[in-house]
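Here the structure comes first, spelled out in structure tokens, and everything after it is commentary.
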Amino acid sequence: MSVSTKHPLPVHPKAIAIIGAGGIVTDSHLPAYRKAGFKVFALYDRDKSKAQSVARQWQIPRCCDTLEDLIAQGAAEGCVFDIAVPASEILAILQKLPERVGVLIQKPMGESLAQAKAILDCCRQKKLIAGINFQLRRAPFMMAAKQLVMEGQLGDIHDVEMRVICQTPWNLWQFLFEKERMEVNYHSIHYIDLIRYFLGDPQAVYCKTMKHPKMLELAQTRSSIIMDYDDIVRANIHTNHGHDYAPDKQECFFKIEGTRGAIKIQIGVILNYPQGSVDKFEYE
Ligand SMILES: NC(=O)c1ccc[n+]([C@@H]2O[C@H](COP(=O)([O-])OP(=O)(O)OC[C@H]3O[C@@H](n4cnc5c(N)ncnc54)[C@H](O)[C@@H]3O)[C@@H](O)[C@H]2O)c1
47 MSVSTKHPLP
57 VHPKAIAIIG
67 AGGIVTDSHL
77 PAYRKAGFKV
87 FALYDRDKSK
97 AQSVARQWQI
107 PRCCDTLEDL
117 IAQGAAEGCV
127 FDIAVPASEI
137 LAILQKLPER
147 VGVLIQKPMG
157 ESLAQAKAIL
167 DCCRQKKLIA
177 GINFQLRRAP
187 FMMAAKQLVM
197 EGQLGDIHDV
207 EMRVICQTPW
217 NLWQFLFEKE
227 RMEVNYHSIH
237 YIDLIRYFLG
247 DPQAVYCKTM
257 KHPKMLELAQ
267 TRSSIIMDYD
277 DIVRANIHTN
287 HGHDYAPDKQ
297 ECFFKIEGTR
307 GAIKIQIGVI
317 LNYPQGSVDK
327 FEYE
């Protein structure tokens, strides 16, 4: 059995214009673009000194003073736009983009159903080639799992579980402290997307999302989600970001069971965040 985890790369990659110079851009987007050999053409953040420092550190040739300037220069260069700002800011930025450009939008797709619909409408009206950044379904271990499931190696899938028991340093993202809806929008949304990647859309979803007594200043930091497919498939997401005990007692795994086999994947990046731990892929 051979399993491929290679992504197809573009033959003629476009340059990239980035909006937002925060943690996700410096920790993930810029290292990934460098690894893939993609050219970053310009950067804008409304915090000018942050943008200048990131541009210097990553040798980005243009650090724009205004969003309008970044859009004008990026469009003239034929760039793909990379929007990596809090979700409440996405729509206003999309509305300024010219028609038909490519755009990668960091998750979540807005902070409410109304915002998600407005973002979708804007993308359609402007005929944008847009994608939401749900990278978990493209992680190598998930690509391998998906291939095994598609080949029927696990038989009929009947049990899917995502379990996160960890201590998340939420202070890294100050903008989350004013949100009315937090854990599902800004974290578990990845797991909802992941389960949809394997099982499609559920017929219903049940969810209870809760505060933690030591993190009352955040709207919610723990969730129990049931994705209801039918009378046979059990698909659950459990997250507890307030497990304030030993790092080696933390857990973060995705498990998918079928009538012929099961896969369990440890997602190391979530454990002891931001130090992280190893990824593990087990197949029985
Ligand atoms: N896909 C993932 O796994 C993942 C992981 C972390 C964060 N994110 C997402 O990325 C987004 C940003 O997160 P972060 O960790 O970089 O946060 P951050 O707070 O570190 O950075 C956000 C940056 O956006 C800038 N900004 C805010 N509004 C702006 C606007 N209107 N125009 C220009 N700049 C603006 C801020 O000045 C800040 O520098 C969030 O929506 C978050 O959900 C995704």
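Read in order, the letters of the sequence shown are residues 47 to 330 in this note's numbering. All C-beta atoms in this analysis are idealised placements derived from N, C-alpha and C, irrespective of residue type, glycine included.
> For MET208, which residues from the same chain have a beta carbon less than 6 Å from its beta carbon, with the 5 sequence-adjacent residues on both sides left out?
Replying inline: TYR237, ILE283, PHE300
>> Within a Cβ cutoff of 8 Å, which residues of the same chain sit near ARG146, ignoring the five residues on either side of it in sequence?
In response: LYS172, LYS173, LEU174, ILE175
> How about ARG92: is its Cβ closer than 6 Å to a heavy atom in ligand 1?
Replying inline: yes
> Based on the DSSP output, what are the partners of ASP128 in its beta bridges?
Replying inline: ILE64, LEU150
> Name the DSSP bridge partner or partners of ASP205?
Replying inline: Bridge partners of ASP205: ARG280, GLU303.
> So what's GLN296 in DSSP terms, helix, strand or just coil?
Replying inline: coil
> Between ASP274, LEU240, ASP290, SER323, which lies nearest to ILE302 when the distance is taken from Cα to Cα?
Replying inline: LEU240
>> On a Cα-Cα basis, can you pick out the residue from ARG268, ASN217, PHE223 that is closest to ILE235?
In response: ARG268
> Quick check: the segment 289-300 against the segment 209-223, are there 3 or more CB pairs under 8 Å?
Replying inline: At 8 Å Cβ cutoff, the stretches touch.
> Among residues of its own chain, excluding the 5 on either side of TYR79, which ones have a beta-carbon nearer than 7 Å to its beta-carbon?
Replying inline: Excluding the 5 residues flanking it on each side, TYR79 has same chain C-beta neighbours closer than 7 Å at ILE62, VAL86, in chain order.
> Can you name the start and end residues of the alpha helix (DSSP H) that MET261 belongs to?
Replying inline: First-last for MET261: undefined, no H or E at that position.
> Who does PHE255 pair with in a DSSP beta bridge?
Replying inline: Checking the displayed sequence, the identity of residue 255 turns out to be Thr instead of Phe. Paired residues: SER269.
>> For the alpha helix (DSSP H) containing GLU114, name the first residue and the last one.
In response: 113-123
> Among residues of its own chain, excluding the 5 on either side of GLY2, which ones have a beta-carbon nearer than 8 Å to its beta-carbon?
Replying inline: Since the first and last residues shown for the chain are 47 and 330, residue 2 lies out of range.
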